[in-house]
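The structure appears below as structure tokens.
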Amino acid sequence: MKTKTLGQFIIEKQSDFPYAKGELSRLLRDIGIAEKIVNREVNKAGLVEILGETGETNIQGERVKKLDVFANDQFIAALKAGGEVCAIASEENDEIIPIESEISKNAKYVVAMDPLDGSSNIDVNVSVGTIFSIYRRTTLSGPGTTEDFMQRGTEQFAAGYIIYGSSCMLVYTTGKGVNGFTLDPSIGEFCLSHPVMQTPKMGSVYSINEGNYLHFPEGVKKYIKYCQEEDKATQRPYSSRYIGSGVADIHRNLIVGGIYIYPTTTKSPKGKLRLLYECNPLAFIIEQAGGKATTGGKRIMEIDIKELHQRTPLFVGSSDMVDTAMEFMVKYTTEKV
Ligand code: AHM
Ligand code: MG
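In our numbering, the protein residues as written are 293 to 629.
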């Protein structure tokens, strides 16, 4: 089989953007560099001093792990050095990071990212990920501002995720389908392994943290019971699979078909996941693969964004399954999200 590297693939696809001058290619290259470094450290976790907590708490009130900080630093450094972005927003930083340097003075893009998704799995050798979203800046010049990030998900220019799993994979879209690349460690290159990814319309996996069951909206409780019922025609009961790393759960469901739900709970009435750097990029990818992503009521990518770390409930996956879950929400849940 002939190998196609990420670099070769990007050059080939350059003609999809006749007005682009290679900035996106360089931006993806920069992300790829950070990704390889993070993957190298993840692979050594347990051998080097990278596990455990820093002792600090982030803006989300979560305890920060050393690998969260390491990944954040690597992605910021690679994006700054590449010169294609004028600002970065990260789960790990309360405010945006404006970039002011000679090489980025003509930068057209901003990047929002969750540098290490699935933090609770870092210390236990379970897959974690990175999520990123690329927008064109809306301000005209100088370092980027928060305003550049206040765009709906529909305005994303590109989005992707990386899984540090049994192999390291990069999956991304520029709005013309979804392609997946696997890191070949022997040559240090991402190679096209999953061209034109499409998610099945219907699946048989549901992914949700059922430990929160008592706190779920009534529509979600009823949908879970529906997933568990016996019904030959619809091949129920479905299987329950929940890793707790959103990227890994959503990646598995993308491939085999399924639904991932992180709803509102009485403890987190706005949901847990963040719109800008988790839900919007994942929604863009899943929609491009033929699936759906909603709040349980409306399309994720059409939600107005008012703050960087805004939260939202998320129902994402195979379109028929998301539709059914939403019907349960309409029927049994009065609160509107
Ligand atoms: P994180 O970015 O701090 O890791 O939080 C996001 C993660 C998702 O990856 C995952 O699906 C979810 O939070 C797990 O949350 P919970 O432990 O509440 O089930
Ligand atoms: Mg996350």
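Each residue gets a CB set at the ideal place from its N, CA and C atoms; glycine is no exception.
Go ahead and pull the three-state DSSP assignment for residue i.
i, result
"Asp-596", "coil"
"Glu-348", "strand"
"Val-334", "helix"
"Gly-281", "The question about residue 281 has no answer, for the chain in this structure spans 293 to 629."
"Leu-432", "coil"
"Asp-365", "helix"
"Thr-446", "helix"
"Phe-508", "coil"
"Glu-394", "helix"
"Gly-609", "strand"
"Lys-468", "coil"
"Lys-357", "strand"
"Val-630", "Past the edges of the chain, shown from 293 to 629, lies residue 630, and the structure says nothing about it."
"Thr-491", "coil"
"Asp-615", "helix"
Below 8 Å CB to CB, which residues in the same chain sit around residue i once its five sequence neighbours on both sides are set aside?
i, result
"Ser-630", "Residue 630 lies beyond the range of the chain shown here (293 to 629); nothing can be said about it."
"Asp-308", "Thr-466 and Lys-468"
"Phe-620", "Gly-511, Val-512, Lys-514, Tyr-515 and Tyr-518"
"Thr-349", "Arg-355 and Val-356"
"Phe-301", "Asn-471, Phe-473 and Leu-484"
"Val-614", "Ile-551, Gly-583, Lys-584, Ala-585, Thr-586, Phe-607 and Val-608"
"Glu-522", "Arg-528 and Pro-529"
Who are the near neighbours of residue i in its chain, counting only those whose CB is closer than 6 Å to its CB and skipping five residues on each side?
i, result
"Asn-331", "Tyr-456 and Cys-460"
"Thr-438", "Ile-388"
"Lys-524", "none"
"Pro-390", "Ala-379, Pro-435 and Gly-436"
"Ile-578", "Ala-585 and Val-608"
"Tyr-464", "Gly-452"
"His-486", "Gly-472"
Tell whether a beta-carbon distance below 8 Å holds between residue i and residue j.
i, j, result
"Met-387", "Asp-360", "The identity of residue 387 in the sequence shown is Glu, whereas the question assumes Met. No."
"Gly-472", "Met-489", "yes"
"Ile-597", "Leu-565", "no"
"Cys-483", "Thr-491", "no"
"His-507", "Thr-587", "no"
"Gly-495", "Ser-610", "yes"
"Ser-499", "Tyr-534", "yes"
"Leu-298", "Glu-481", "yes"
"Ala-381", "Leu-606", "no"
"Ile-547", "Ala-617", "no"
"Lys-397", "Arg-428", "no"
"Val-334", "Thr-346", "no"
"Pro-573", "Gln-443", "no"
"Lys-497", "Ser-531", "The sequence shown places Val at residue 497, rather than the Lys named in the question. Yes. Within cutoff."
"Phe-367", "Ala-326", "yes"
Starting from the C-beta of residue i, find all residues in its chain whose C-beta is less than 7 Å away, skip the five residues before and the five after it, and write them out in chain order.
i, result
"Ala-363", "Val-330, Pro-407, Leu-408 and Thr-422"
"Ala-575", "Gly-445, Ala-585, Ile-592, Met-593 and Val-608"
"Arg-318", "Gly-374 and Glu-376"
"Ile-351", "Asp-386 and His-601"
"Glu-392", "Pro-435"
"Asp-612", "Lys-493 and Met-494"
Determine, using beta carbons only, whether residue i comes closer than 8 Å to chain C.
i, result
"Tyr-624", "The structure shown contains no chain C, having only a single protein chain."
Completely contained alpha helix (DSSP H) runs for the stretch 512-547, where each covers 4 or more residues
none
Unbroken beta strand (DSSP E) runs of length 3 or more, entirely within the stretch 549-606: which are they?
551-554 and 584-586
For the pair the stretch 407-416 and the stretch 526-545, tell me if three or more CB-CB distances fall below 8 Å.
yes
Are there three or more Cβ pairs, one per stretch, closer than 8 Å when the stretch 365-382 is compared with the stretch 318-329?
yes
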